[in-house]
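The end of the sequence shown is residue 89 by our numbering, with every number in the run present. See structure below.
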Amino acid sequence: MAIINIKVQDRQTLLDVAVQYLGDATGAIKLAMLNDLALTEDLRAGQILRVDTEQVINPKVVSYLREKDVIPVTD
């Protein structure tokens, strides 16, 4: 496991974080399990989550978002 700590941004959900760091919304299940959260749990801006970078589902999406400086958030 290659665990990093990330800071949740304002209006981000577990699905948003999964897309940003794992490249697919289905990664939200992995994030929830790793962080002992319910899949539907509301996140707080500034909350620290652990992400296993070896669990990336779609590296092309992760790279694209990073290159374009896009941070997925839910309105």
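Even glycine gets a Cβ: it sits at the ideal position worked out from N, Cα and C. Predicted model, so just to flag it, every value in this text is computed and none were measured.
With respect to the alpha helix (DSSP H) encompassing residue i, which residues constitute its N-terminal and C-terminal limits?
i, result
"D97", "Absent from the model: residue 97. The displayed extent of the chain is 15 to 89, so no value can be given."
"K44", "42-48"
"L79", "73-81"
In terms of alpha-carbon separation, which member of the options lies closest to residue i?
i, options, result
"N27", "R58, N19, Y78, I20", "Note on identity: in this sequence residue 27 is Thr, with Asn being the wrong assignment. Closest option to T27, Cα to Cα, is R58."
"I62", "V31, K74, K44", "V31"
"D38", "K21, I18, K74", "K74"
"V84", "I18, Y35, I17", "Y35"
"G60", "D66, M15, V22, I17", "V22"
"M15", "Y78, R64, D50", "R64"
Starting from residue i, follow its DSSP beta bridges and name the residues at the other end.
i, result
"K21", "I62"
Under 7 angstroms Cβ to Cβ from residue i, same chain only, skipping five residues before and after it: list those, please.
i, result
"A46", "L28, A52, L53"
"A42", "L28, L29, A32, L53"
"L48", "R64, D66"
Go through its chain and collect everything with a Cβ distance to residue i's Cβ below 6 angstroms, but skip five positions before and after it.
i, result
"D24", "A59"
"I17", "R64, D66"
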